[in-house]
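Student: Mind the numbering: the sequence shown is residues 74 to 288 in the numbering used here, read in order.
Let me begin by handing over the structure; questions about it come next.
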Amino acid sequence: MNRPWITLSYAQSLDGCIAAAPGQRTSLSGPEAMKMTHQLRAQYDAILVGVGTVIADNPRLNVRLVEGRSPQPIVLDSRLRIPLQSVLIQSPTHSVWVFCSTNAQAATKVSLESAGAHVFVVNEGETKYVDLNEVLHICYDKGIRSLMVEGGARIIQAFLRAGLVDEVVITITPRFLTGLTALTYPLPHLPQFINPKYQTLGSDIVVTAKLLWES
Ligand SMILES: NC(=O)c1ccc[n+]([C@@H]2O[C@H](COP(=O)([O-])OP(=O)(O)OC[C@H]3O[C@@H](n4cnc5c(N)ncnc54)[C@H](OP(=O)(O)O)[C@@H]3O)[C@@H](O)[C@H]2O)c1
74 MNRPWITLSY
84 AQSLDGCIAA
94 APGQRTSLSG
104 PEAMKMTHQL
114 RAQYDAILVG
124 VGTVIADNPR
134 LNVRLVEGRS
144 PQPIVLDSRL
154 RIPLQSVLIQ
164 SPTHSVWVFC
174 STNAQAATKV
184 SLESAGAHVF
194 VVNEGETKYV
204 DLNEVLHICY
214 DKGIRSLMVE
224 GGARIIQAFL
234 RAGLVDEVVI
244 TITPRFLTGL
254 TALTYPLPHL
264 PQFINPKYQT
274 LGSDIVVTAK
284 LLWES
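Printed below as a string of structure tokens:
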């Protein structure tokens, strides 16, 4: 299947958490690592999060801390729970792409489209969420060749579970959170980390590696 190159990028504490509690916005990376994240965003055609992250963080997903082009924002949102007032829906510069399932309310789709979003209806996968392969196929068809996946936890788990990650850029920050872990359930297959690189940025460590999945 043709699909974009996928880089999974998120920040975690030393104990593997991406937020202090489920659904809680938690600032993790220091300023240097944040700048690196924006540099990375500028290199990708699109950036993807789950609707849980939109509800918790109301993110902009654009490039602000460096010069560069902002990627196309994408939200996976089976039931169209994305708030109409979210920054992504209200953005005057970018029309967010929202992927919902065939079970989403048609009226909500109309409201979101009237507000400027582009809503794609796709099938539900085995997990009752939107089917990732179909999403990626549509993205590729629309010209997206590189995709940065930023979370949250369910999205990280879903992409890794499906073996749909080519590269990781993980920022590790020296804190314990005892909160929402990036990975809660076992993965059916564990990838090999190819030629990992470690970079210190401020008080954070950034681990970058390509992943090799057994076929
Ligand atoms: N530290 C970091 O780098 C970082 C980055 C991002 C987010 N976060 C944190 O992560 C937390 C949010 O994580 P979360 O797990 O609650 O939400 P999430 O992963 O952002 O979104 C999960 C939701 O996406 C929807 N979805 C649609 N298709 C899916 C698919 N194929 N697989 C999985 N989900 C799919 C589902 O909702 P529907 O069933 O309604 O579609 C699901 O509940 C927040 O606390 C946020 O602050 C941290």
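Even for Gly, the Cβ is constructed at its ideal location relative to N, Cα and C.
Computed from a predicted structure; not experimentally measured.
Go ahead and pull the three-state DSSP assignment for Ile-91.
Tutor: Strand.
Student: Assuming Val-242 contacts Val-279 (C-beta within less than 8 Å), just tell me the rounded distance between them.
Tutor: Confirmed, about 6 Å.
Student: Give the DSSP-derived three-state secondary structure of Gln-97 in the structure shown.
Tutor: Coil.
Student: Can Leu-101 be considered in contact with ligand 1, in the sense that its beta carbon sits closer than 7 Å to one or more heavy atoms?
Tutor: Leu-101: yes, Cβ under 7 Å from ligand 1.
Student: Might you give, ordered along the chain, the residues of its own chain that have their beta carbon closer than 8 Å to the beta carbon of His-210, omitting 5 neighbours on each side?
Tutor: Met-74, Asn-75, Arg-76, listed in sequence order.
Student: What three-state label does DSSP hand Gly-123 in the structure shown?
Tutor: Residue state, collapsed to three classes: strand.
Student: So, Tyr-117 versus Leu-205, is the Cβ gap smaller than 8 Å?
Tutor: No, Cβ-Cβ distance for Tyr-117 and Leu-205 is not below 8 Å.
Student: Going by beta carbon distance, what residues of the same chain come within less than 7 Å of Glu-207, once the five residues before and after it are set aside?
Tutor: Counting only Cβ-Cβ distances below 7 Å, and skipping sequence neighbours, we find Val-195, Asn-196.
Student: Does any heavy atom of ligand 1 sit closer than 7 Å to the C-beta of Ser-71?
Tutor: Outside the displayed range of the chain (74 to 288) lies residue 71, so it cannot be described from this structure.
Student: Following the continuous beta strand (DSSP E) through Met-74, name the residue where it begins and the one where it ends.
Tutor: Neither: Met-74 is in no beta strand (DSSP E) and is coded neither H nor E.
Student: Go to Lys-270, then tell me how far its alpha helix (DSSP H) extends in each direction, as first and last residue.
Tutor: No alpha helix (DSSP H) contains Lys-270, which is instead part of the beta strand (DSSP E) from 265-274.
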